[in-house]
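In my numbering, the protein residues as written are 40 to 213.
Heads up, the beta-carbon is just placed ideally off N, CA and C, and yes, glycines get one too.
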Ligand code: GNR
Ligand code: NI
């Protein structure tokens with residue numbers, strides 16, 4: 040296991056379209072495990088492989104919504120290999136999104152409230168499920184990464200420029 044460096048804007052690799060994985064082999068399982076460790080360390084609720092500079096269609100999500108008796112988050116890791124969005128709801132929802140590649144910047148993004156997704160998991164099993172709530176939002180945010188799209192691309196130019204300006208200001212201050 041390893042915590043991998045997360046690349047940030049304006050790294051041009053974040054604009055790559057990631058390549059499908061041929062099959063879930065030891066290398067892919069190693070990548071998934073390293074991505075979970077990197078995501079939990081960050082911390083974040085999702086991570087796409089390109090954020091650790093690997094242009095493969097692999098993403099991981101753990102919303103960490105449940106807590107145990109001591110208030111510690113209960114792990115609920117989910118890995119998605121070659122995910123595809125098959126259908127989306129007509130209904131939309133808005134979440135305040137953030138991105139580990141655009142650190143500490145947040146903005147409201149509107150996306151379909153539910154999506155039907157097909158994917159292969161870490162064990163090589165195929166799935167086809169409707170996702171909703173934060174899971175649907177996060178999955179769509181991560182799917183965007185596989186296609187070189189960032190959440191700021193869903194904002195007006197004015198709002199996008201404001202986010203980038205704030206990030207650059209924060210970086211200069213640091
Ligand atoms: O940690 C993250 N939080 C988040 C919040 C709302 C919508 C999407 C996300 S994903 C983000 C981690 C990340 O950058 N994944 O690509
Ligand atoms: Ni992101």
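For residue 131, the CB contacts under 8 Å within the same chain, skipping 5 residues up- and downstream, are 149, 150, 151 and 152 in chain order.
Annotated as distal: residue 92 and residue 57, with beta-carbon spacing of 8 Å or more.
Counting along the chain, the unbroken beta strand (DSSP E) around residue 136 starts and ends at 131-138. Residue 187 and residue 53 have their C-alpha atoms roughly 6 Å apart. With a contact defined as Cβ atoms closer than 8 Å, residue 66 and residue 42 miss out at about 18 Å. The Cβ atoms of residue 40 and residue 64 lie no closer than 8 Å to each other.
Of the candidates 116, 86, 211 and 44, the residue whose Cα lies closest to the Cα of residue 179 is 86. DSSP places residue 166 in the uninterrupted beta strand (DSSP E) bounded by 165-170.
In this structure, the CA atom of residue 74 is about 33 Å from the CA atom of residue 197. In the DSSP secondary-structure assignment, residue 87 is bridged to 98. For residue 154, the Cβ stays outside the 7 Å cut-off from all heavy atoms of the ligand NI.
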